[in-house]
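Numbering-wise, our numbering puts 45 at position 45 of the sequence shown, and it's gapless, one number per residue. Yeah, the Cβ is synthetic: ideal placement off N, Cα and C, and Gly gets one too.
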Amino acid sequence: MSIGIRVGPIVSEIGAPSFFNSFFSTIQGLLEPEGAGTRFPVISGEFYDGCVSENRLIKHLLDTLFEMFECAKKRDIDVTIEEI
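Here's what the structure looks like:
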């Protein structure tokens with residue numbers, strides 16, 4: 001079984017559910033100390049819950065992912081959290 005993202009008629013496969021879960025658990029555990037969706041509401045809130053409007057996702061996705069990457073880089077994160 002695999003996880004995918006659907007935007008309109010296009011579906012892109014992300015990977016195994018365990019990979020998807022580890023990504024969100026790592027972001028939430030290391031970069032959102034106040035709880036899931038408090039710092040990155042589009043990605044670890046709405047997107048994780050499975051429902052983001054196309055316009056909102058497209059508008060905020062790249063900026064949010066870049067911010068997540070920069071935060072992780074500053075913290076020198078070299079671990080992943082498998083599950084919270």
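Which of the three DSSP states is assigned to residue i in this structure?
i     : result
Glu13 : strand
Ile43 : helix
Ile81 : coil
Gly29 : helix
Cys71 : helix
Ser53 : coil
Thr38 : coil
Which one or two residues does DSSP pair with residue i in a beta bridge?
i    : result
Gly4 : Glu13
Can you list, in chain order, the residues of its chain whose CB lies under 6 Å from that of residue i, leaving out five sequence neighbours each side?
i     : result
Tyr48 : Phe24
Just to confirm before moving on: does the CB-CB distance between residue i and residue j stay below 8 Å?
i     : j     : result
Glu13 : Ser2  : yes
Thr64 : Val42 : yes
Gly37 : Gly29 : no
Gly8  : Glu67 : no
Suppose the cutoff is 7 Å on Cβ atoms and the five residues either side in sequence are ignored; what does the same chain contact list for residue i look like?
i     : result
Cys71 : Leu31
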